[in-house]
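Colleague: Shown below is the structure under consideration.
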Amino acid sequence: MMVNQKRTLWLALLGLAVGATMLHYRIHPPSEGTTYLIGNIFAMTDLFLVSLLFLSHRTAVWGVLLNGFIALIGIILMADFSISATLAGTIEVMPSESLFGWLMLTTLPDIAIAFADFLVGMALYRVITQPK
């Protein structure tokens with residue numbers, strides 16, 4: 084039973100990382116500068132290294148730490164981007180006009196994906212380290 088949970092959570096983590104990497108690459112092509120390249124490196128690190136670290140009981144602690152670090156950095160940077168864009172007036176809808184419309188144009192959906200990735204990583208770590 085535990086093996087099925089581990090496999091399911093690992094595949095969920097992998098799926099979130101694949102989606103995040105593809106979205107990040109599409110929105111921020113690395114050819115557009117160093118700032119975009121760094122973000123793509125974080126996404127690819129999550130996809131490849133974090134996924135590999137979760138395959139072993141011995142390295143799972145490093146997987147959960149790195150996964151949490153990447154998620155936290157991503158959440159902070161995306162929230163900062165949304166706040167800056169709102170204050171600069173570059174988001175087409177302001178929160179005073181339509182809160183839902185504004186939220187949909189911010190990075191809140193992307194932040195939710197990063198938070199889900201973090202939670203799946205935590206659940207996977209708990210399953211991996213649970214005594215048999």
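Okay, so the sequence shown: first residue is 84 according to my numbering, each after it adds one. We put the beta carbon where it would ideally sit given N, CA and C, even for glycine.
For the ligand SAM, any of its heavy atoms closer than 8 Å to the Cβ of THR118?
Modeller: No copy of the ligand SAM occurs in the structure displayed, which carries no ligand at all.
Colleague: Let me know if MET161 comes out buried or exposed under the rule of 16 or more other beta-carbons within 10 Å of its beta-carbon.
Modeller: Taking the sequence shown and counting its residues from 1, one reaches residue 161 at position 78. By the neighbour-count rule (16 or more Cβ atoms within 10 Å), MET161 is buried.
Colleague: With a cut-off of 8 Å, do at least 3 Cβ pairs link the segment 174–191 to the segment 122–142?
Modeller: Output reads no: the segment 122–142 does not touch the segment 174–191.
Colleague: Any chance the segment 133–140 sits against the segment 108–121, with 3 or more Cβ pairs inside 8 Å?
Modeller: The answer is no - the segment 108–121 does not touch the segment 133–140, with fewer than three Cβ pairs under 8 Å.
Colleague: In the DSSP assignment, find the alpha helix (DSSP H) that holds GLN88 and state where it starts and stops.
Modeller: Here residue 88 is taken as the residue at index 5 of the sequence shown, counted from 1. Taken as a continuous stretch (DSSP letters only), the alpha helix (DSSP H) holding GLN88 covers 85–110.
Colleague: How is the alpha helix (DSSP H) around PRO214 delimited, first residue to last?
Modeller: As a first step, residue 214 must be located in the sequence shown, where it is residue number 131. Looking at the DSSP string, PRO214 is not in any alpha helix (DSSP H), and its letter there is neither H nor E.
Colleague: Beta-carbon within less than 7 Å of ALA168's beta-carbon, same chain only, minus the 5 sequence neighbours each way: which residues are those?
Modeller: For this step, residue 168 is matched to residue 85 along the sequence shown. Closer than 7 Å at the Cβ level, and outside the excluded window around ALA168, lie ILE174.
Colleague: Expressed to the nearest angstrom, what Euclidean distance is found between the alpha-carbon atoms of GLY102 and MET177?
Modeller: As a first step, residue 102 is located in the sequence shown; it is residue number 19 there, counting from the start. As a first step, residue 177 is located in the sequence shown; it is residue number 94 there, counting from the start. GLY102 and MET177: Cα-Cα distance of roughly 28 Å.
Colleague: In this structure, does DSSP put PRO113 in helix, strand or coil?
Modeller: Here residue 113 corresponds to residue number 30 of the sequence shown, with the count starting at 1. In the structure shown, PRO113 sits in a helix (DSSP, three-state: H, G or I).
Colleague: Thinking THR190 and PHE164 are a contact (beta carbons under 8 Å), I'd like their distance in whole angstroms, please.
Modeller: For the purposes of this step, residue 190 is taken as the residue at position 107 of the sequence shown. For the purposes of this step, residue 164 is taken as the residue at position 81 of the sequence shown. Yes, they are in contact, since the Cβ atoms of THR190 and PHE164 sit about 6 Å apart, within 8 Å.
Colleague: Take the Cβ of ASN87 as the centre, count every other Cβ of all protein chains shown within 10 Å, and call the residue buried at 16 or more, exposed below.
Modeller: To locate residue 87, count along the sequence shown from 1; it is residue 4. So ASN87 ends up on the exposed side.
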